[in-house]
Structures are given as C-alpha cells and as structure tokens.
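Notes follow once the structure below has been shown.
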Amino acid sequence: MFRLNPARRIHGAARHIILSDIASSQFTRRGFTSSIPRSQQPQPPQLEKSNTFKEGISAYRPFGAPFLKVFLGAIFTYQVIYYAWMKLETSEKKFLKNGLEKEAKKLAAEAKS
C-alpha cells in the first residue's frame, strides 16, 4: 500500500488519522490513460425527440381502450356470422344430399320394377 517516509514515523491515533486520509480520496491514483473519468465527462444532451414522442403518444392514449373494444367486437361479430354461415351451408348440403339420395332410391326402385 502506501509507505510512510521513515523520517516521519508517527505513533498512535495520529498515525490512524493520516493513514485514513491517505486511503481516502485525498490521494488518488492516475489511470494508465489520459481520458477524463466518467463522472467528469460532459453528459450528452437528451434528445428532445423522445419528449415529443411521449407527448404525441400520450395524446392518443385515451383512445386505446375504446379502439380495443371496437376491434374485439368486430372480430367477435365476424366469427359469429362466419359460424352461422357455415352452419347454414352444411345443413343445406345435407338437405340436398338427402334429397338426391331419396330421388336415386326412387329411380332405382322404378328401374327394378
């Protein structure tokens, strides 16, 4: 660590005070580079764009929930109508299939007789 000059030997409490001063920030070591420490570097100015962006977004924030409700309502309505349409279409296909089967059986019975 730090060595005291032998001519300057101090005993007791005074030595403790001097050593604590040496260990504190009174004597700092210099780094290997000549760059400025981060704490002393000038901070880059914050972009004003981020503040204007936040202000712009905050203007539309109240419309988020209503938009979501309308969007989900539209999806739900579409799915209900699609399901109903498919149900009607399948029932129509079954009806036509049954009608054609009955007609085929009737024609087959007439052909046999």
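Just so you know, the sequence shown maps onto residues 1 to 113 in full-length UniProt numbering. Ideal Cβ placement from N, Cα and C applies to all residues, glycine included.
| request: Go through its chain and collect everything with a Cβ distance to Asn51's Cβ below 8 Å, but skip five positions before and after it. | output: none
| task | Identify whether Leu79 lies in helix, strand or coil by the three-state DSSP scheme. | result | Reading off the sequence shown, one finds Gln at residue 79, where the question assumed Leu. Of the three classes helix, strand and coil, the one that applies to Gln79 here is helix, per DSSP.
| request: Please report how far the alpha carbon of Glu55 lies from the alpha carbon of Leu68, in whole angstroms. | output: 21 Å
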